[in-house]
Amino acid sequence: MRIKLINPNTTASMTALMGEAARAVAAPGTEVVLATSRSGAASIEGHYDEALSVLGTIDEILNGDAADAYVIGCFGDPGLLAAREITAAPVIGIAEAAMHAAAFVATSFSIVTTLERTRIISEHLVRNYGMQDHCRRVRATDVPVLELEKPGSSARAIILGECEEALRDDRSEAIILGCAGMADLAKYLEERLGVPVIDGVAAAVKFAEAIVGMGLRTSKAGDLAYPLPKPYVGKLSSYAPTKLFPTTKRQSAERFAISG
Numbered sequence: 001m002r003i004k005l006i007n008p009n010t011t012a013s014m015t016a017l018m019g020e021a022a023r024a025v026a027a028p029g030t031e032v033v034l035a036t037s038r039s040g041a042a043s044i045e046g047h048y049d050e051a052l053s054v055l056g057t058i059d060e061i062l063n064g065d066a067a068d069a070y071v072i073g074c075f076g077d078p079g080l081l082a083a084r085e086i087t088a089a090p091v092i093g094i095a096e097a098a099m100h101a102a103a104f105v106a107t108s109f110s111i112v113t114t115l116e117r118t119r120i121i122s123e124h125l126v127r128n129y130g131m132q133d134h135c136r137r138v139r140a141t142d143v144p145v146l147e148l149e150k151p152g153s154s155a156r157a158i159i160l161g162e163c164e165e166a167l168r169d170d171r172s173e174a175i176i177l178g179c180a181g182m183a184d185l186a187k188y189l190e191e192r193l194g195v196p197v198i199d200g201v202a203a204a205v206k207f208a209e210a211i212v213g214m215g216l217r218t219s220k221a222g223d224l225a226y227p228l229p230k231p232y233v234g235k236l237s238s239y240a241p242t243k244l245f246p247t248t249k250r251q252s253a254e255r256f257a258i259s260g
């Protein structure tokens, strides 16, 4: 089984960090292929960054090496539904995966994320994924994403402190790490907190393995059908569905059967 882990930002060192977390939990025989976006921002810390990151993810699915499943390695799950439209292979977002995993092992959780300005994105996802009854609070640490990788950074201590407050004040039973760049902190925090700490990268890889193992594919009936054929102009002309996707039921069935 081949799972492609796509980092929607352009920071290769963060891709490598996510790759370590993914490969640590992958089953024998699962190949985790890493991909760093070739366009977009160095870190995704707002709606604008997120919107522009989607094309890089789409490029990796349409033009990169094919895989049995794809994981979008950003907690905002940018472009998740668009990605599901363009391939029959399962596509997993790390925020959605983390929330479902947390709901399996606890009745409540808090999300600990990076900048305050990104908190609203996580709150939107909580509602979109129907997790309002499980999520006690989304907590921002105001630690920039790229600060997580800096030697000597106080990020780890700040995140630990915020997690401790979540357990005490929110009465949460689990912690979700609200940034792919925190993937290496899960075990460190779990040992100190004594509750489940969920890294969405690891959760997404395991869910991807399970879905592929069940023989499931992304439905092409209705909402996640291939994009409708129409012309695109300007800089996006090369993304026109007429050039990229099947236009008949027969072609759709053939693509569903053979493409990832």
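Reminder that position 141 of the sequence shown reads as 141 in the numbering used here, one-by-one numbering, no gaps. Ideal placement from N, C-alpha and C gives every residue a C-beta, glycine not left out. As the structure is a prediction and not an experimental result, all values here were calculated from the model.
Check for me: the alpha helix (DSSP H) holding residue i runs from which residue to which?
| i | result |
| --- | --- |
| residue 323 | An answer regarding residue 323 cannot be provided, because it is not within the stretch 1 to 260 covered by the chain. |
| residue 261 | Nothing about residue 261 can be reported from this structure: the residues present for the chain run from 1 to 260 only. |
| residue 105 | 94-105 |
| residue 168 | No alpha helix (DSSP H) contains residue 168, which DSSP labels as neither H nor E. |
Taking C-alpha atoms, which residue in the options lies nearest to residue i?
| i | options | result |
| --- | --- | --- |
| residue 95 | 39, 57 and 179 | 179 |
| residue 144 | 135, 154 and 136 | 154 |
| residue 171 | 115, 194, 187 and 108 | 108 |
| residue 91 | 30, 183 and 72 | 72 |
| residue 87 | 111, 106 and 218 | 218 |
| residue 291 | 18, 148, 137 and 186 | With the chain covering only 1 through 260, there is no way to say anything about residue 291. |
For residue i and residue j, I'd like the C-alpha separation in whole angstroms.
| i | j | result |
| --- | --- | --- |
| residue 208 | residue 233 | 35 Å |
| residue 200 | residue 63 | 25 Å |
| residue 263 | residue 157 | Given a span of 1 to 260 for the chain in the structure shown, any question on residue 263 remains unanswerable. |
| residue 27 | residue 38 | 28 Å |
| residue 116 | residue 42 | 18 Å |
| residue 3 | residue 190 | 26 Å |
| residue 30 | residue 1 | 5 Å |
| residue 220 | residue 97 | 21 Å |
| residue 56 | residue 192 | 37 Å |
| residue 105 | residue 198 | 10 Å |
| residue 194 | residue 61 | 38 Å |
| residue 152 | residue 244 | 47 Å |
| residue 75 | residue 93 | 7 Å |
| residue 231 | residue 237 | 7 Å |
Kindly indicate the opening and closing residues of the beta strand (DSSP E) around residue i.
| i | result |
| --- | --- |
| residue 7 | 2-7 |
| residue 84 | That residue, residue 84, is in no beta strand (DSSP E); its alpha helix (DSSP H) goes 80-85. |
| residue 193 | No beta strand (DSSP E) contains residue 193, which is instead part of the alpha helix (DSSP H) from 186-193. |
| residue 71 | 69-72 |
| residue 175 | 175-177 |
Quick one: what does DSSP say residue i is sitting in, helix, strand or coil?
| i | result |
| --- | --- |
| residue 120 | helix |
| residue 200 | helix |
| residue 109 | strand |
| residue 38 | coil |
| residue 139 | strand |
| residue 91 | strand |
| residue 126 | helix |
| residue 233 | coil |
Regarding residue i and the ligand ADP, is the C-beta to nearest heavy atom distance less than 7 Å?
| i | result |
| --- | --- |
| residue 128 | The ligand ADP is not part of the structure shown, which contains no ligands of any sort. |
Mark residue i as exposed unless 16 or more other C-beta atoms lie within 10 angstroms of its C-beta, in which case mark it buried.
| i | result |
| --- | --- |
| residue 267 | The shown model of the chain, from 1 to 260, leaves out residue 267, and the question about it has no answer. |
| residue 150 | exposed |
| residue 15 | buried |
| residue 131 | buried |
| residue 212 | buried |
| residue 254 | Confidence at residue 254 is low in this model, with a pLDDT of 43, below 50, so the placement of that residue should be treated as unreliable; the coordinate-derived value is given next. Exposed, since its Cβ has fewer than 16 Cβ neighbours within 10 Å. |
| residue 121 | buried |
| residue 134 | buried |
| residue 48 | exposed |
| residue 128 | exposed |
| residue 215 | exposed |
| residue 20 | exposed |
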